[in-house]
Structures are given as C-alpha cells and as structure tokens.
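*Asks:* Can you read through this structure? Questions will come right after.
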Amino acid sequence: MTNLSNELPDKIYVPLGRRGFHPINLKACVRCFNAERFVLNFIEKKEYPAEIIDNAKKEIIDYKVQCKNCNAIYFIRMTLFKNIDENKEEQIIANFNILDENGNDEGWLGSTYI
Ligand SMILES: [Zn+2]
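Everything in the sequence shown is counted per the numbering used here, starting at 33 for the first residue and increasing by one.
Spelled out as structure tokens, the structure:
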C-alpha cells in the first residue's frame, strides 16, 4: 500500500483575519496533540463520487487514521474544490475537516490553496 500520508499536505492554514494565517500541522494528532513525525498511521482511504456545481467540481476524500501515541481513531476529510474551465481542471482550495470514528463531522480544521 502506498503511503497515504504523502497525499496530504503537512501544513494547512486557518485565517486570522488581518493577522494573516495560523499554520496547523495536519500530521499531528488532534486528540493528544502529539506532533512527532509519522505519529499518525494512515489506515484507509475512502473516495466519494465527485459533484459538479456550475463550473466547479467538488471532491471528497476521507483518510482514516490511528494515533500511535494515544490510539485514537478518526478521519481527516479533504474536500477539494476545482474550477472547470474548458475541460481544464484547476484546483483552487482544499478544506480539511475532522470526523470522529463513527463519521460524525467535528468541524473544520483548516484549508490550503494549491
Ligand atoms: Zn493521539
């Protein structure tokens, strides 16, 4: 199995209004805050069918992870928004949410522009 961890950016950002952006380490555990490299074990990946809304394409991918430190299991949900312009896709933003072990959305964690 390929290393799913490599499919996600290490850092995402939360806007702080006029003070710029606060970086968040996406590979740190959201439960125990352990931020050692490779503390998250990426267990599986689940992709959902893409949705087309006007000239934008929305793609959702869930990554199930388990923390090697506290054993917590949760999902990192990546939602990609792409502009579709004359059959050329351009990625504009990736949003990241955390879902609990049962798939309940716990809210937005941050975003990154690619
Ligand atoms: Zn943990």
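Idealized CB from N, CA, C, for every residue including glycine.
Counting Cβ pairs closer than 8 angstroms, one from the region 103-119 and one from the region 77-92, do we hit at least three?
*Replies:* Yes: at least three Cβ pairs fall under 8 angstroms.
*Asks:* Between residue 49 and the rest of its own chain, which residues show a CB-CB distance below 6 angstroms, the 5 nearest in sequence each way excluded?
*Replies:* On the sequence shown, residue 49 is found 17 positions in, with the first residue counted as 1. Answer for residue 49: no residue qualifies.
*Asks:* Leaving aside the five residues before and after residue 99 along the sequence, list all residues of the same chain whose C-beta is less than 7 angstroms from its C-beta, in chain order.
*Replies:* Within the sequence shown, residue 99 is the residue found at index 67, counting from 1. 61, 63, 64, 66, 71, 72.
*Asks:* Measure the C-alpha to C-alpha separation of residue 107 and residue 121 and round it to an integer number of angstroms.
*Replies:* Working through the sequence shown from its first residue, we reach residue 107 at position 75. Working through the sequence shown from its first residue, we reach residue 121 at position 89. When rounded, the distance between both Cα atoms is 26 angstroms.
*Asks:* Just to confirm the assignment, what range does the beta strand (DSSP E) spanning residue 82 have?
*Replies:* Within the sequence shown, residue 82 is the residue found at index 50, counting from 1. Here residue 82 belongs to no beta strand (DSSP E), and DSSP marks it neither H nor E.
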